[in-house]
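Student:
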Amino acid sequence: MGDRLKKIERVVEVQRQLKRLTEWKLALLRRDEAGLRNAQQQLIGQLNDGSVHHGLFVGAMSRRLSRLSSEEEALRETGKALQARIVDESMRLKRTERLAQNMARDAEAHSERVGLERIVEAGVARKDDSLA
């Protein structure tokens, strides 16, 4: 019973680490999204700027803005998938934690039962000795 409990506790710890890793990935993804939005805002600001050489770079700037927009959309989709994965991992972790708690409770009850049986057997053995 103890070996199974130790194995389940190791599984719980691994699942915690996997969830933490996915949360870190999501945080990095959010940071990248913020960087893309910042780059888009800078490009839009440059497009709105009425400089002398403005016309020379409008095509390149608009293509870059379009690329940034598509990258941001891809990151957003990846973020949704990671968010769903975090929810799944959280639910799996909760189930495994409950299983570990139940197994710990069962192991404790088993050890109490064994201890009580030993006490009863010791008491019965003493009574048998004293009656003889």
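Just so you know, we're using our numbering here: the sequence shown kicks off at 611 and counts up by one.
For glycine and all other residues, C-beta sits at the position ideal for the given N, C-alpha and C.
1) Kindly list the residues whose CB is nearer than 7 Å to the CB of Leu-636, restricted to its own chain and excluding five residues on each side of it in sequence; keep chain order.
2) Spatial neighbours of Lys-629 within its chain, please: C-beta separation below 7 Å, excluding the five flanking residues on both sides.
3) Counting C-beta neighbours from all protein chains within 10 Å, is the total for Ala-644 16 or more, i.e. buried, or is it exposed?
4) Exposed or buried, what is Ala-732 when buried is set at 16 or more other beta-carbons lying within 10 Å of its beta-carbon?
5) Quick check: the Cα distance between Leu-639 and Leu-646, rounded to an integer number of angstroms?
6) Spatial neighbours of Ala-710 within its chain, please: C-beta separation below 6 Å, excluding the five flanking residues on both sides.
7) Looking at the C-beta of Arg-674, does it have a partner C-beta in chain B at a distance below 8 Å?
8) Would you report the Cα separation of Leu-675 and Thr-632, rounded to the nearest angstrom?
9) Taking DSSP as the reference, what is the three-state secondary structure of Asp-642?
10) Return the Cβ separation of Met-713 and Leu-615 in integer angstroms, given the expectation that the two are a contact with Cβ distance under 8 Å.
11) Looking only at its own chain, which residues have a Cβ that is under 8 Å from the Cβ of Gln-650, when we skip the five neighbours before and after it?
Tutor: By the coordinates alone:
1) Gly-689, Leu-692, Gln-693 and Ile-696
2) Ile-696, Glu-699, Ser-700 and Leu-703
3) It is exposed - the Cβ of Ala-644 has fewer than 16 other Cβ atoms within 10 Å.
4) With fewer than 16 other beta carbons inside 10 angstroms of its own, Ala-732 counts as exposed.
5) 11 Å
6) Ile-618, Glu-619 and Val-622
7) Reference to chain B is not applicable here, since this structure consists of a single protein chain.
8) About 29 Å.
9) Here Asp-642 sits in helix by DSSP.
10) Right, the Cβ-Cβ distance comes to about 5 Å (below 8 Å), so this counts as a contact.
11) Leu-675, Leu-678, Ser-679 and Glu-682
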